[in-house]
Ligand SMILES: Nc1nc2c(c(=O)[nH]1)N[C@H]1C(S)=C(S)[C@@H](COP(=O)(O)OP(=O)(O)OC[C@H]3O[C@@H](n4cnc5c(=O)[nH]c(N)nc54)[C@H](O)[C@@H]3O)O[C@H]1N2
Ligand SMILES: Nc1nc2c(c(=O)[nH]1)N[C@H]1C(S)=C(S)[C@@H](COP(=O)(O)OP(=O)(O)OC[C@H]3O[C@@H](n4cnc5c(=O)[nH]c(N)nc54)[C@H](O)[C@@H]3O)O[C@H]1N2
Ligand code: SF4
Ligand code: SF4
Ligand code: SF4
Ligand code: SF4
Ligand code: SF4
Ligand SMILES: [Mo]
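Chains as they are written, first to last, in this note's numbering: chain D, 2 to 837; chain S, 2 to 263; chain L, 137 to 516.
Encoded structure:
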C-alpha cells in the first residue's frame, strides 16, 4: 500500500503512530513491509490457505464475536441435506457439471427455502460476469428458511464452516504457504486480539488478492474472517479494496464492464433473460430486502436513456438494451479479435500492449482489426504496435503487411477537464478544470458526446428498427467553453435522476418510482446533485472525522456501509469507543455519527410477519439490508461460480501439487483459455521451475504511459529489473547489476538483476521454491524503455469477474541478455522442445 | 533566532516514495539528470548535487520474516532517508564564497543568488556535506534554496508540502530540535533503540537547519560523523603563509646581502 | 535488540528454517559473515562493501558514493598557482636585488618574470570562470574569512604594481630619469608585498576546504607552495641568462633544500588522507614534482659548484629547468590529489581504510558497479 497508494498510506502511518499494529502479508519485503510491524512472506497464490488458517484459528479457539455472529450473519442458517463439501467430493462442491465445467447452485440453498434453482439461476449464466447484484445471490428468495440460533445443528453454516476449514491448521499453512508456524500464530493472535466490542481490525487488499484464478474467493475468505470477528459495518473495520486507476471505482459504479448496467443492475442475457421487462424484473428482483426496489431502478434507468420514447406499454423500450451473447470481457473479445470476429476497437485510457497479459497475443490480435481508435496523451505501445513492437523487431510481421487503420486522438489530462473521481470508500470527489487542454486535446466527455451526436444524426437520417435505439437516445446535453464541452450539470442531473414531469432533480433514491415518473442514470448516485446547481461531490467542508461535508459517498453519503451492525441487536452501541449509529429510543429513530444504513424508523425489536415482503421482511436487528435475509453471508447460497466457500487451489500454473485436494490442482471452473498462442506449461514443469510474480513500483504507473513518458519519473526507475534472492542468484549464477533472461511458456524478456534479501525462497511441502519478482511497467515507447513483462504472462479468467492471474505463474531465468530479432523466438521454441 | 525555519526529516516515517525529490525538481525547474539504473537498492539518483536538491537514500539490510521495518524486536531492515542541503549554522559554502553570492536569508537558510554567483566553484570544495555543486553548462553553482520564494510567500517548501507521511517536517528550528528529541525518546520506548538524531552541534558547523532522525549509524546515509567548517583551518593556513613569506623575505635579503649584488 | 546487538551474524540463524537444505543455508550464512568481516566476497549473488557490488552499511558507507564533491576547477587553476607563485617570488627578488644594487640585467629579468606572471595569473582565472565580467563579481565584496576573496585582492594588487614596475624599469633602461626610478621602486615595493601573498595564499586557498588531503596539510601547504614558487621564480630568472648570480644560486639551493625536506616529511607521514599524494596518478605527479624541485636540483647545484667553469653553467641550467618543471608538477599533483581525496568517501565518514578499500581501487569491482558509480558521477 505504501508502494502504490502512498497518499492513502498516510492514514495507515497515522494509525501506526497511534499504536495500531500494521501487518503486511506479501511474498516480498516492500516499502509497505518496511513501514509495518509484522511482515509475513507467503508464497504467491496461497492466500486462501493462509486466510483459511486464520478462520480455522478463530473457530478452533472460540475467538469469534459470538453475539455478532449469531445475530448478524447466516451462521445459524441450516443448509440442505444434499449439499456436499469438497472434502467429500475430492475438491468439488455438490452441483458440479464435469463436461460443462460449471456449477449448479441448487444444493447450496438454505433448508426450507421455497426457491428452486438450476444452472440458469441469476448470476450463474455461463457467459455472465460476476459484477452485478446477483453475485452473492442477492436475487435469492431465501428470506424463509430453517435456522438454529444455538449453532448446535450439524448442518448450520457455523458448523459447516468448522468442518470445511478443519484441515487448515497452522501446520498446513506452513506446508502450503511456506509461512513458519510461529509467524502464522503471531499474525493470528495480533489480528484476533485487535477485534471485539471495543476494538476493530481492517483488511486492506488490492491486486495481490484479486489477480489470481481464485481472486474472488480470496476476498470472500477475508470477508468471512471479518464477519466472524464482527469487523463489518463498524468504524475501523471492513475489507477495503485499494482501487487502481484514479476512478476505477467510478467505472464500476457507472460501469465500463460488459455484464452490468449503472448501479450494479445486471445486463440482460440473450439466452437466459427473457425479452420482456417483467420477466427480467421477476428474475432479478428479490422479494425481500432492498433489492425488492429493483424495478424502480431499472425503469428509471430506461427512462433516463430513452426518455419520451420509453413508456409503460412499450416496456420502457427494454428490448432496446443490448444483450450479452457471450464472454465480452477483455479477454473474451480479444480472442474474438484474434479470430477476426471484430472490425474495429476504441481504446481510451488503456495500454493493453503493455498492461494486458500475453503481450504477444494482445498485439498480434490488433493486426486483425480493420480500424483502431486510440485516445491517449502520447502514441503509446498500443497505438504504435504496427511499427514499433517486439513482433516487428523479431520480424513476425512487417508494418507494410498490417491493414489496421489507426486513428490517434490526443486526450486531455485530468487537470485539463472537469469531472469526478470515485475512490475506494465510494467517495465521489469533483474536480474543476485547471487549464484548457492544448491544441486538439479533448476530454472524454467531449469525445463521447460529439461522437454520439453525429451517430444519432445518422441514425435519424435513415430511420429503421435497427437505428431506433440510437435515434431515440436522450443525448441533448448543453455545451460550453471554447471546445463545446458538454455541461457537467446536465450529465450530473441525469445521473442523479429527476422527475420526468418537471425535470427537477430528485433528492434521494427512495424517491425513484417504477411507473416512469422518474428517471435516473445511476440510482446509487442519487443525491449527488439534489438541487439544480448544488453539486454535493464538490463540497470541501468536512464536519466530522468521517468527512461528511467533503464530497459525496454513495449511497446517500453513508461513509460506512451496513453501519446498523455497529450497534448491538438491541440498538445500543457495542461500546462507547466504537459507537457509530444507534437507536434513539426518545426520538424513535436511528441516529449517530454516520447516516444510518437502515430504515430510519424501524426499531431494533421489529419482527416481520410470516408473509411480509420487501423491506418489511427485514427485522430490526438485520443490518445487511441488501440481502433477502438481512444478514452477512458466511455461506453464499448462489451467485458464485466457484463454490459457496473459499477453498485452496494452486494457481493455473502450479509448481507444487494441491496439498488439500490432489485431484483438483487448480480452481475447477477457472478458464485457462489455453490455445497455441496462449500456451501453458505442464503441471510442475521442470523447464520453468520457478514462481514468477509481477507487481508495481511507486515510481511508475501501470503500462507507463503516464510515467515512462515523464523525465522526472523515468530517472527514478529507468530500467526494468528482476528481484531475486541471494540464494537464487548463487544457484543460477546471476550477478547483481548484470542482465538476466527470463522465459515462460509465452515469451522471453531480459531485465537487470537486483539481488536482494527482500525476496526469499519458500519451503513448500519440503520443497525449496524460488521466486522471481518483476515490476511490469516497461515497454518500448517513452523515455524509460524496456522489455514488456506481460509477454511472459498468460491470458486466463477467474470464473466470476474474469480477471487474469498475474501474481503466480512459472518462469525460468539464466544470466545474460536475451537474443535479439528472430533468434528470440528460436530460443523460446528450443525451451518448449526440451522435454520436461 | 526564533524566526529561523528548518526541516526535520524523519527516516522512521519515510516510505521512500520520492515525492519530495520530484516536487523539488518540478517547483524549481531542475532538469532530469540521466537515466541510470544503479543497482543501489531503489536509489537511481545517487546523491544531492546541482541537478538534484532533494534525494532519497535507500539502505537495505536483510529483513527477518515475522518482523516489519517498524518492529523494535528486529534490527533495521529497509530504511529511507530524504537528504537535502543542511543549511548549516556555520556554512562552509557561505564563508568561502568570494562574490557574496551565498547569503543567509531572513529565514536562516543558506541561499545562492544566481545573479551574483560567478561559478568560481570555491563553495564546492568548502561544503563538508558535498551538497553544493557547479553546473558545467550553466557555469554557476546550485543547491537547495530552502524554497526561499515559497517561504517569502508564506508557503511551506515544495518537498515538505508533497511529503504524504510528514516525514519531512517544516517549522521553527527550536521547535523541531525539541520534536526530534521527543521523537527519538518515543521510538526508544517502542524498542527502536537505534534511532538517533543527526545534528552536529558539537562540531564547528554548530548544528544544521535540516535535522535528521535516522535509524542506525548516520554513516550509512553518507552523513559525516564530524563535519567541520573549513574556516577553522584558516588560522593555521595564514600562519604557515606568514612563515613562507618570512622565509622568502629573509632568504632573498640574506642571499643578496651575502651575495652582495652578484 | 539494540543497534549493537543487531549486527548481521546474530540474526542469520533465524534465517534458516530447520527443514531447508542446511548446507546451502550454511553456505549463505558463511558468505554473509565473510562479507561483514572482510568487507568482500566473491559470490556472484552477494554484495557487501567493495565486493563485486557495494552496499550501504555503517562499515561501508553509502554504496561507495563519494560524500564530498570533487573540485571543479579547470586545468588553468594549477597553472595559475604555478605562474602566480613564480611571479610573486620574482617580484620579491627584483625588489631586494634592486635595493642591494645587484646587476641591472638580473633586476630587469626578475621584473619581467614578475610582470609576465602577474598578467598571466588573472588571465588564467578568467579563463576558468568563463567570462571576464564574472571576475568583477568578486570585487563587490571583501571577505577576510574567504581565502579566495583575499586572494582576488592580492592578484588585483599584484598585477598593476608588478606591471607598472616593469614598465618603469623598461623605460628607464633607455633614458635615465628620477621620476621613473621613484615609480619603479615604489610600485616594485608594493608588487613585492603582493608577491609574498601570491607565493603563499594559494596554499591557504586549497587548505581551507573540506578536502581532507588539503586541509590535513594546511600547516605546511602555504610554506611548501612559497618554496616551490621561490624555486620556480629563481630558476626562471636564472634561465634568462643569470646563471652566474651567486645570490640566485643560494636561493635556488635554499628552495631545493626546503622542498627536499618537505618531500621527506610527506614520505614519512603515512596518514590515510595523504594516500593520494603517493598512490595513483596524483601520487606519481606529486612525487615527480617533489623530485624535480627538491633532491634533483639540489644535487645538480652542488655538482655545478664542484664542477669546473665549463659544465657548471649547464648543470645550473639543468637544475633551474628541473625546478621550474617540478614546481608546475607539484601544483598539478596537489590539485589532482584533491580530486582523489574527495572521491575517497572513507575519510569524511571515518571508516577503517584498511578493511574498506575505496571502491574505485578495487581490482574485482563488477563492471556494472563501476558503470553505476560512473553514471552517478554525471552530476559534474
Ligand atoms: N505508483 C503506482 N501506484 C499505483 C499503480 C501503479 O502502477 N503505480 N497502479 C494502480 C492500480 S491500477 C492498481 S490495481 C493498484 C494495485 O495496487 P497493488 O495491489 O499494491 O499492486 P501490486 O504491486 O501489483 O501488488 C501488490 C503486492 O502483491 C504482492 N503479491 C504478489 N503475489 C501475491 C500473493 O499471492 N499474495 C499476496 N498477499 N500478495 C502477493 C506483490 O509482491 C506486491 O507487493 O495500484 C494503483 N496504484
Ligand atoms: N503482469 C501484470 N499485469 C498487469 C497488472 C499486474 O499487476 N501485473 N495489473 C493489471 C491492472 S490492475 C491494471 S489496472 C492494468 C493497467 O494497465 P492498462 O489498463 O493498460 O492501463 P495503463 O497502462 O495505465 O494505461 C492507461 C493509459 O491511459 C492514458 N490516460 C491517462 N489519463 C487519461 C485520460 O484522461 N484520458 C485518456 N484518453 N487517456 C488517459 C495513459 O497515458 C495510459 O497510456 O494492468 C494490468 N496488468
Ligand atoms: S498518484 Fe494520485 S492517486 Fe496515486 S497515490 Fe498519488 S495522489 Fe493518490
Ligand atoms: S550543507 Fe553545504 S551547501 Fe548546504 S549550507 Fe552547509 S555548507 Fe552550504
Ligand atoms: S561558485 Fe558561486 S556561489 Fe560558489 S563560491 Fe563561487 S560565486 Fe559563490
Ligand atoms: S526546500 Fe525547496 S529547494 Fe530545497 S529541497 Fe525542498 S523543495 Fe527543493
Ligand atoms: S516524500 Fe516523504 S515519504 Fe516520500 S520519500 Fe520524501 S520524505 Fe520520504
Ligand atoms: Mo488496476
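Beta carbons: idealized from backbone N, C-alpha and C, even for Gly.
Chain-ordered listing is empty here: chain S has no CB closer than 7 Å to the CB of residue 334 of chain L, the nearest sitting near 10 Å.
Secondary structure at residue 215 of chain L: helix, using DSSP grouped into helix, strand and coil. Remark: the C-beta of residue 696 of chain D is in contact range of ligand 2, defined as less than 7 Å to any heavy atom. At least one heavy atom of ligand 7 lies closer than 7 Å to the C-beta of residue 18 of chain S. Within the same chain, Cβ atoms closer than 7 Å to the Cβ of residue 310 of chain D are found at 318, 473, the five residues on either side in sequence being excluded. The beta carbons of residue 508 of chain L and residue 738 of chain D sit about 7 Å from each other, so the pair counts as a contact at 8 Å. Measuring C-alpha to C-alpha distances from residue 355 of chain L to each of S/218, S/226, S/239 identifies S/239 as the nearest. Between residue 808 of chain D and residue 330 of chain D, the gap from beta carbon to beta carbon reaches 8 Å or more.
Within the DSSP bridge table, the entry for residue 373 of chain D names D/346, D/407 as partners.
The contact set of residue 355 of chain L on chain S, defined by CB atoms closer than 7 Å, consists of 237, 241 in chain order. When 8 Å is used as the limit between beta carbons, residue 339 of chain L is near these residues of chain S: 238, 241, 242, 245, in chain order. Under the 8 Å criterion on CB atoms, residue 152 of chain S is classed as non-interfacial with respect to chain L.
For residue 85 of chain S, the CB falls within less than 7 Å of some heavy atom of ligand 6.
Between residue 308 of chain L and residue 385 of chain L, the C-beta spacing is not below 8 Å. Positions of the alpha helix (DSSP H) runs, each at least 4 residues long and wholly inside the region 255-289 of chain D, are given as 278-285 in order along the chain. In the three-state DSSP reduction, residue 21 of chain S falls in the helix class (H, G or I). Contact check for residue 791 of chain D against residue 333 of chain D fails: the beta carbons are separated by 8 Å or more. Minimum Cα-Cα distance from residue 784 of chain D among the listed residues D/810, D/746, D/636, D/704 corresponds to D/704.
Residue environment analysis places residue 798 of chain D among the buried positions, since at least 16 neighbouring C-beta atoms fall within 10 angstroms of its C-beta. Under the DSSP definition of a beta bridge, residue 173 of chain S partners with S/6. Of all residues in the region 132-153 of chain S, the ones placed with a Cβ closer than 7 Å to any Cβ belonging to chain L are 134, 135, 137, 140, in chain order. Per the Cβ contact rule, the region 388-403 of chain L is in contact with the region 363-379 of chain L (3 or more Cβ pairs under 8 Å).
Approximately 7 Å separates the beta-carbon atoms of residue 775 of chain D and residue 752 of chain D; this is inside 8 Å, confirming the contact. Spanning the alpha carbons of residue 740 of chain D and residue 629 of chain D requires a straight line of approximately 58 Å. The distance from the Cβ of residue 234 of chain S to that of residue 343 of chain L is about 6 Å, consistent with a contact at the 8 Å cut-off. For the pair residue 537 of chain D and residue 304 of chain D, the Cα-to-Cα distance works out to about 24 Å.
Taking a C-beta distance under 8 Å as the contact criterion, residue 279 of chain L and residue 125 of chain S do not qualify as a contact pair. When secondary structure is reduced to three states using DSSP, residue 791 of chain D falls in the helix class. CA-CA distance, residue 80 of chain S to residue 198 of chain L, rounds to 12 Å. 8 Å or more divides the Cβ of residue 494 of chain D from the Cβ of residue 487 of chain D. Around the C-beta of residue 34 of chain S, 16 or more other C-beta atoms lie within 10 Å, and the residue is accordingly described as buried. When beta bridges are read from the DSSP output, residue 741 of chain D appears opposite D/752, D/816. Counting along the chain, residue 71 of chain D sits inside no beta strand (DSSP E); it lies in the alpha helix (DSSP H) bounded by residues 67-73. Rounded to the nearest whole angstrom, the CA to CA distance from residue 430 of chain D to residue 742 of chain D is 44 Å.
Inter-residue distance for residue 68 of chain D and residue 249 of chain D is about 36 Å (C-alpha atoms, whole angstroms). Ligand 6 has a heavy atom closer than 7 Å to the beta-carbon of residue 147 of chain S.
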